[in-house]
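Visitor:
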Amino acid sequence: MTNDECKKVVLEIIAEIAPDEDLSDVNPDVALREQLDLDSMDFLDIVMELRKKHGIEVPEADYGELASLGSCAAYLTPKFNALV
Amino acid sequence: MELSRIVITGVGLTAPNGTNLSEFRNNLLKGVAGISRIEMRYMGEALAGVCDFDPLKYQRRKELRVGTRAGSISIYCSREAVEDSGIAFEALDKDRVGIYVGITEHGNVETENEIYNISQFDYDTKFWTHHHNPRTVANNPAGEASLNLKVTGPAYTIGAACAAGNLGLVHALQMLQLGEVDFAIAGGVSESIHTFGIFAGFKSQGALAEHEDPNKASRPFDLARNGIVVSEGGALYTLERLEDAQARGAKVYGEIVGYHVNSDATDYVLPNPERQAQCMRAALKKANLEPKDIHIVNTHATATPMGDIQECDAIKQVFADCPETYVNNTKGFIGHAMGAAGALELAGNLPSFEDNVVHPTINIDELDPKCQIPNLVVNEPIEAKRVDAILNNSFGMLGINSALIVKRFSD
Numbered sequence: 012m013t014n015d016e017c018k019k020v021v022l023e024i025i026a027e028i029a030p031d032e033d034l035s036d037v038n039p040d041v042a043l044r045e046q047l048d049l050d051s052m053d054f055l056d057i058v059m060e061l062r063k064k065h066g067i068e069v070p071e072a073d074y075g076e077l078a079s080l081g082s083c084a085a086y087l088t089p090k091f092n093a094l095v
Numbered sequence: 030m031e032l033s034r035i036v037i038t039g040v041g042l043t044a045p046n047g048t049n050l051s052e053f054r055n056n057l058l059k060g061v062a063g064i065s066r067i068e069m070r071y072m073g074e075a076l077a078g079v080c081d082f083d084p085l086k087y088q089r090r091k092e093l094r095v096g097t098r099a100g101s102i103s104i105y106c107s108r109e110a111v112e113d114s115g116i117a118f119e120a121l122d123k124d125r126v127g128i129y130v131g132i133t134e135h136g137n138v139e140t141e142n143e144i145y146n147i148s149q150f151d152y153d154t155k156f157w158t159h160h161h162n163p164r165t166v167a168n169n170p171a172g173e174a175s176l177n178l179k180v181t182g183p184a185y186t187i188g189a190a191c192a193a194g195n196l197g198l199v200h201a202l203q204m205l206q207l208g209e210v211d212f213a214i215a216g217g218v219s220e221s222i223h224t225f226g227i228f229a230g231f232k233s234q235g236a237l238a239e240h241e242d243p244n245k246a247s248r249p250f251d252l253a254r255n256g257i258v259v260s261e262g263g264a265l266y267t268l269e270r271l272e273d274a275q276a277r278g279a280k281v282y283g284e285i286v287g288y289h290v291n292s293d294a295t296d297y298v299l300p301n302p303e304r305q306a307q308c309m310r311a312a313l314k315k316a317n318l319e320p321k322d323i324h325i326v327n328t329h330a331t332a333t334p335m336g337d338i339q340e341c342d343a344i345k346q347v348f349a350d351c352p353e354t355y356v357n358n359t360k361g362f363i364g365h366a367m368g369a370a371g372a373l374e375l376a377g378n379l380p381s382f383e384d385n386v387v388h389p390t391i392n393i394d395e396l397d398p399k400c401q402i403p404n405l406v407v408n409e410p411i412e413a414k415r416v417d418a419i420l421n422n423s424f425g426m427l428g429i430n431s432a433l434i435v436k437r438f439s440d
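Which chain is which? The protein sequence lines are A and B, in order.
Final position of the first sequence in the numbering used here is 95; the numbers increase by one with none missing.
Final position of the second sequence in the numbering used here is 440; the numbers increase by one with none missing.
1. Taking the C-alpha atoms as reference points, what is the distance between GLN305 of chain B and SER431 of chain B?
2. So, with DSSP's three-state summary, where would you put LYS280 of chain B?
3. Measuring alpha carbon to alpha carbon, tell me which residue in A:LEU43, A:LYS64, A:GLU27 is nearest LEU93 of chain B.
4. Thinking C-beta only, is ILE37 of chain B closer than 8 Å to TYR288 of chain B?
5. Work out the CA separation of PRO84 of chain B and LEU42 of chain B for me, nearest whole Å.
6. Among B:THR158, B:ASP151, B:ALA99, which has the Cα closest to the Cα of THR133 of chain B?
7. What residue range is occupied by the uninterrupted alpha helix (DSSP H) comprising SER65 of chain B?
8. Check the Cβ of PRO30 of chain A against every Cβ in chain B and list those closer than 9 Å, keeping chain order.
9. Determine the closest residue to ARG66 of chain B out of B:ASP242, B:ASP251, B:GLU374, B:ARG270, with distance taken between C-alpha atoms.
10. Whose C-beta lies closer than 6 Å to the C-beta of PRO183 of chain B among residues of the same chain, with five residues either side of it excluded?
11. Please name the residue or residues paired with ILE37 of chain B in a DSSP beta bridge.
12. Tell me, which residues are paired with LYS186 of chain B by DSSP?
13. Using a 10 Å radius around the Cβ and a threshold of 16 neighbouring Cβ atoms, would you call ARG90 of chain B buried or exposed?
14. Could you tell me which of B:LEU379, B:LEU427, B:LEU202, B:ARG270 sits nearest to VAL416 of chain B, measuring between CA atoms?
15. For GLY197 of chain B versus GLY131 of chain B, is the C-beta distance shorter than 8 Å?
16. Tell me the residue span of the alpha helix (DSSP H) that contains PHE382 of chain B.
17. Please name the residue, chosen from B:LEU178, B:LEU271, B:ASN142, B:THR328, that lies closest to PRO302 of chain B on a Cα-to-Cα basis.
18. Could you spell out where the beta strand (DSSP E) holding SER118 of chain B opens and where it closes?
19. Does any residue of chain A bring its CB to less than 8 Å from the CB of THR267 of chain B?
20. Are the beta-carbon atoms belonging to ASN142 of chain B and PHE156 of chain B less than 8 Å from one another?
21. Would you check if there are 3 or more beta carbon pairs closer than 8 Å linking the stretch 366–378 of chain B to the stretch 258–266 of chain B?
22. Contact defined as beta carbons within less than 8 Å: I believe ALA418 of chain B pairs with ASP350 of chain B. What is the distance between those atoms, to the nearest angstrom?
23. Quick check: what's the CA-CA separation for HIS159 of chain B versus SER148 of chain B?
24. Go to VAL356 of chain B, then tell me how far its beta strand (DSSP E) extends in each direction, as first and last residue.
25. With which residues is GLU74 of chain B paired in a DSSP beta bridge?
26. Who are LYS436 of chain B's beta bridge partners in DSSP?
27. Kindly indicate which residue of B:ALA276, B:ALA44, B:GLY428 has the alpha-carbon position closest to the one of ILE116 of chain B.
28. Taking CB distances under 8 Å as the criterion, tell me whether HIS156 of chain B reaches chain A.
29. Apart from the five residues just before and just after TYR74 of chain A, which ones in its own chain have a Cβ nearer than 8 Å to its Cβ?
30. Where do the N-terminal and C-terminal ends of the alpha helix (DSSP H) with GLY226 of chain B fall, by residue?
31. When the Cα atoms are used, what is the spatial distance from VAL406 of chain B to ASP440 of chain B?
32. Using a beta-carbon distance below 8 Å, is HIS159 of chain B in contact with chain A?
33. Could you compute how far the alpha carbon of ASN358 of chain B sits from the alpha carbon of ASP48 of chain A?
34. Closer than 8 Å is the cut-off here; do at least three beta carbon pairs connect the stretch 62–69 of chain A with the stretch 29–47 of chain A?
Structure, rendered in structure tokens:
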């Protein structure tokens with residue numbers, strides 16, 4: 012999986028948990044919470060969906076890695092690649 | 030101490046046969062029921078009253094995903110009631126607004142959903158949602174409405190089995206009279222059709238209705254009745270002290286002049302007609318009315334074989350010689366809306382103050398002789414000489430009884 016493919020997966024999850032948001036122009040270098048109406052419960056939903064859909068665990072100490080789309084991709088891509 | 034008079038100034042509702050008072054009332058007068066067959070987890074098909082209000086009218090899709098069906102029903106009904114009341118809600122001091130929502134139960138739906146969810150993951154609880162607790166706390170349906178309406182006054186639920194719709198109104202009346210709030214949103218809601226447990230429980234009890242035609246399944250007082258049709262729904266009202274309503278020139282639907290709540294203390298499920306009669310009499314006393322002053326008694330009867338007979342016995346005791354007192358029932362149209370039942374059924378009768386028409390009890394093909402009560406309005410509406418007062422019965426499991434009396438408003 013590439014970083015871009017990983018971003019797509021994350022955006023698909025966000026589209027599900029924040030269905031009112033326009034995700035067509037998310038800046039990968041800016042915190043998601045600064046661009047989208049996401050709260051702490053929504054980030055827990057992202058963690059849960061990664062677990063449910065993809066079998067990926069994000070330990071609580073690493074939640075900060077999910078701050079932006081770019082940091083999500085940097086953190087999660089190796090985890091996705093480690094699955095296969 | 031002279032207590033303020035409390036009046037109804039707005040109505041918001043969703044029923045299986047109507048998403049506002051006008052539609053609901055028209056269908057009650059035209060004999061249009063709203064029961065359908067739905068797929069029930071683990072059980073196959075089940076009969077239920079399903080509401081088709083548009084939750085996106087007042088909520089975003091994310092709120093629907095995070096919240097509960099009961100929360101959505103509360104929000105819809107609250108916002109519709111506030112709109113109907115005509116009050117300048119934005120300008121109200123939200124610290125002085127109370128939300129009191131009657132519920133039969135809450136949390137069954139969400140807990141069942143989560144157990145089903147983790148069953149897909151070999152019951153590993155790490156897949157249990159973090160939304161579980163805010164969804165299942167007992168105040169959820171009122172709390173979601175407080176979030177949506179930005180109400181910062183007291184917002185909570187009143188758990189009272191199927192008497193809860195009346196109790197929401199009773200509690201709001203008391204809080205207004207005590208001066209705890211200046212404006213109240215109150216009544217009852219139910220999301221019970223989304224929990225298989227309620228259906229399976231009634232089925233095991235031999236109290237779940239079945240009929241090949243869904244709209245004929247709920248048949249209170251009929252000889253062939255065979256149980257309850259469970260429904261979702263809600264009815265929330267805006268209540269105000271009369272002086273406040275008059276000061277702003279509000280439309281007044283009616284005045285709550287009496288109520289009573291008591292307990293059977295005899296059985297978990299079987300009603301007690303002596304206590305029901307006592308409850309109605311006590312409400313009449315508080316209202317300073319005689320039985321003959323009541324022109325509509327809306328029954329709670331749910332179409333269980335015994336429950337209907339018990340309530341008829343109670344009504345015969347209280348309204349023995351009342352030629353102008355008509356008796357009706359709403360559940361033939363909408364099924365049993367549980368925590369919403371009392372509030373919804375009152376709403377169906379409130380327009381009688383304007384048109385003097387009493388909506389019928391439908392699906393009575395052969396009246397059970399044990400349910401023969403004078404002036405039962407059967408299958409077709411009746412035009413009464415006048416409708417000045419309605420007594421609304423609402424009873425529930427564990428023997429909770431409530432009777433609420435609303436009078437045509439007269440200054």
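In this text, a Cβ means the ideal position worked out from N, Cα and C, and glycines have one as well.
Guide: In this structure, then:
1. 8 Å
2. coil
3. A:GLU27
4. no
5. 12 Å
6. B:ALA99
7. Per DSSP, SER65 of chain B belongs to no alpha helix (DSSP H); it is in the beta strand (DSSP E), 64–69.
8. ARG89, ARG90, LYS91, LEU93, ARG94
9. B:ASP242
10. GLY127
11. B:LEU268, B:GLY283
12. According to the sequence as given, residue 186 of chain B is Thr; it is not Lys. Looking at the DSSP assignment, THR186 of chain B forms a beta bridge with B:VAL130.
13. exposed
14. B:LEU379
15. yes
16. 381–384
17. B:THR328
18. For the sequence presented, residue 118 of chain B should be read as Phe rather than Ser. PHE118 of chain B -> no beta strand (DSSP E), and no H or E assigned at all.
19. no
20. no
21. yes
22. Not a contact, Cβ separation roughly 17 Å.
23. 16 Å
24. 355–357
25. B:GLU68
26. B:GLU284, B:ALA418
27. B:ALA276
28. Checking the displayed sequence, the identity of residue 156 of chain B turns out to be Phe instead of His. Chain A, which has a Cβ nearer than 8 Å to the Cβ of PHE156 of chain B, makes this yes.
29. PHE54, VAL58
30. 225–233
31. 30 Å
32. yes
33. 47 Å
34. no
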